[in-house]
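Q: Provided herewith is a single structure, encoded as structure tokens, for subsequent inquiry.
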Amino acid sequence: MKNKVVSLFGNDDQNEKYSGLLNDFIKPFEQIFPKDMDREDIVEFSLNAWNFGNMRYVLPKEDFNRILSSSAIHGPETDLFKKMIDTKVNKFKEYNLFIGDFKLDEIEGSLELTVRTEQKEEFLDKLMNDTDRLTTESDFEQGYVKRSAIVIKPLKPYFDWVASIDIDYMKIEDNEVNIYLVNEEIDDLENWLRKNFDSFFDLELENEFPNRNKWPTKRNFKMFKRWFKVEISTMVYDLENSPVYKED
20 MKNKVVSLFG
30 NDDQNEKYSG
40 LLNDFIKPFE
50 QIFPKDMDRE
60 DIVEFSLNAW
70 NFGNMRYVLP
80 KEDFNRILSS
90 SAIHGPETDL
100 FKKMIDTKVN
110 KFKEYNLFIG
120 DFKLDEIEGS
130 LELTVRTEQK
140 EEFLDKLMND
150 TDRLTTESDF
160 EQGYVKRSAI
170 VIKPLKPYFD
180 WVASIDIDYM
190 KIEDNEVNIY
200 LVNEEIDDLE
210 NWLRKNFDSF
220 FDLELENEFP
230 NRNKWPTKRN
240 FKMFKRWFKV
250 EISTMVYDLE
260 NSPVYKED
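Shown next as structure tokens:
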């Protein structure tokens, strides 16, 4: 994306300045964005990271974490989002206006970005109103959760491997399992696992040994099936009347 800026929100020098700043903010991450993101997706993602970066140093930590946990940024993009927030805080802190909207236009073969800036009070008032509407008590009634639950239980080969590299290892209870919620309808668990087992393998190993140098180097689906018993439930029911918060 070129840095040329055209004001589509009026001749506001501040908007033009922040259009250039947002371009500069995006540049270091351009090769990291998921390949299925188009330019508008990238700008919107980055705009949100910019605004969260601003919020991190104007909101109490509890309020910031609550809003971040309720955002739509989840899954593989979470780490990228947090890195961009850190970059905003560390390298663009003095630019404290929020970005309320943007436009991308193709002009003479180039994509040109324009943004509309907002003062802190205007942006946060709208955000808090939106958050309040999203977190009314009726949203937290008992009911089915729109997720499938992947249940993973370690088996003896896993425990044997752990014990072989950690003589002080205390075996967990036989009924100990990890449960992962996924936003997918899975008709054939075997085929689905064959495509996704490596992510679960990493998560299970990381729970025990954050140091990846200790992990088996030749991990495959056959080993995963020997080390873990996997079950799925498509009926996840929440019996509580309070929101679920995610922890880092």
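One rule links them: number in this note's numbering = place in the sequence shown (from 1) + 19.
We treat Cβ as the ideally placed atom computed from N, Cα and C, and that holds for glycine.
Compare the C-alpha of Glu204 against each of Lys165, Phe111, Leu41 and name the closest.
A: Lys165
Q: Report the three-state DSSP secondary structure of Pro79 (helix, strand or coil).
A: DSSP places Pro79 in coil when its eight states are reduced to three.
Q: Looking only at its own chain, which residues have a Cβ that is under 8 Å from the Cβ of Pro53, when we skip the five neighbours before and after it?
A: Pro95, Glu96
Q: For Ile171 versus Asn197, is the C-beta distance shorter than 8 Å?
A: yes
Q: Given that a residue counts as buried once 16 or more other Cβ atoms are within 10 Å of its Cβ, and exposed if not, what is Gly128?
A: exposed
Q: Assign Arg245 to one of two classes, buried (16 or more other C-beta atoms within 10 Å of its C-beta) or exposed (fewer than that).
A: exposed
Q: Are the Cβ atoms of Ser38 and Leu130 separated by less than 8 Å?
A: Remark: C-beta atoms of Ser38 and Leu130 do not approach each other more closely than 8 Å.
Q: Could you spell out where the alpha helix (DSSP H) holding Val181 opens and where it closes?
A: 175-184
Q: Where do the N-terminal and C-terminal ends of the beta strand (DSSP E) with Asn34 fall, by residue?
A: Secondary structure note for Asn34: it is in no beta strand (DSSP E), and the uninterrupted alpha helix (DSSP H) holding it is 32-45.
Q: From Asp55, Asn115, Asp60, pick the residue whose C-alpha is nearest to that of Val77; which is it?
A: Asn115
Q: Could you check what DSSP says for Thr155 in three-state terms: helix, strand or coil?
A: Caution applies to Thr155, whose pLDDT of 48 falls short of 50 and renders its modelled position unreliable; the model cannot decide the point.
Q: According to the neighbour-count rule (16 or more other Cβ atoms, all chains shown, within 10 Å of its Cβ), is Leu258 buried or exposed?
A: exposed
Q: Can you look up Glu55 in the DSSP assignment and give me helix, strand or coil?
A: The question names Glu, but residue 55 is Asp in the sequence shown. Shown here, Asp55 sits in coil according to DSSP, grouped into three states, outside any helix or strand.
Q: Distance, Cα to Cα, Trp180 vs Trp234?
A: 10 Å
Q: Below 8 Å on the Cβ atoms is my guess for Phe121 versus Val134; work out the distance and round it to an integer in Å.
A: 5 Å
Q: For a test of the three-state rule: what should DSSP assign to Val108, helix, strand or coil?
A: helix
Q: Between Glu227, Leu212, Asp124, which has its C-alpha nearest Pro173's C-alpha?
A: Among Glu227, Leu212, Asp124, the Cα nearest to that of Pro173 belongs to Glu227.
Q: List in chain order: all unbroken beta strand (DSSP E) runs of 3+ residues lying wholly within the region 213-263.
A: 247-252, 255-257
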